[in-house]
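Structure record follows, encoded as structure tokens.
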Amino acid sequence: ICQPNIARDVVTLEPEISSALPCRVSVYERDGRNWLCTMRPTALLGMFDVPGAADAARMVEETILRIMERARG
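Using the numbering used here, read the sequence shown as starting at 486 and increasing by one per residue.
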């Protein structure tokens, strides 16, 4: 789900960020209901002190949340 161009740019700034990639969305069923969950990129990349990473994380997070909202119906 991550955006490859943004991922490349951020990993170029700090290779350790690759440990937080790729972005994942889990779909599971509990108590007869379907659930979607993800780790927010803003939280994951917030662990790294890299200029520009926060902006990239926000852009990716907005996309992921929009996709999840559409999947929810």
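A virtual CB, placed ideally from N, CA and C, is assigned to each residue, including glycine.
Quick check for students: name the residue ranges of the beta strand (DSSP E) that lie wholly in the stretch 493-549, counting only runs of 3 or more. 510-515, 518-523
Residue 542 and residue 527 closer than 8 Å at C-beta: Within the sequence shown, numbered from 1, the residue matching residue 542 stands at position 57. Within the sequence shown, numbered from 1, the residue matching residue 527 stands at position 42. Taking 8 Å as the Cβ cut-off, residue 542 and residue 527 qualify as a contacting pair.
Just to confirm, are residue 559 and residue 491 a CB contact at a threshold of 8 Å? No answer is possible for residue 559: the residues shown for the chain start at 486 and end at 558.
CB residue 510 to CB residue 538, shorter than 8 Å? In the sequence shown, the residue the question calls residue 510 occupies position 25. In the sequence shown, the residue the question calls residue 538 occupies position 53. No, Cβ-Cβ distance for residue 510 and residue 538 is not below 8 Å.
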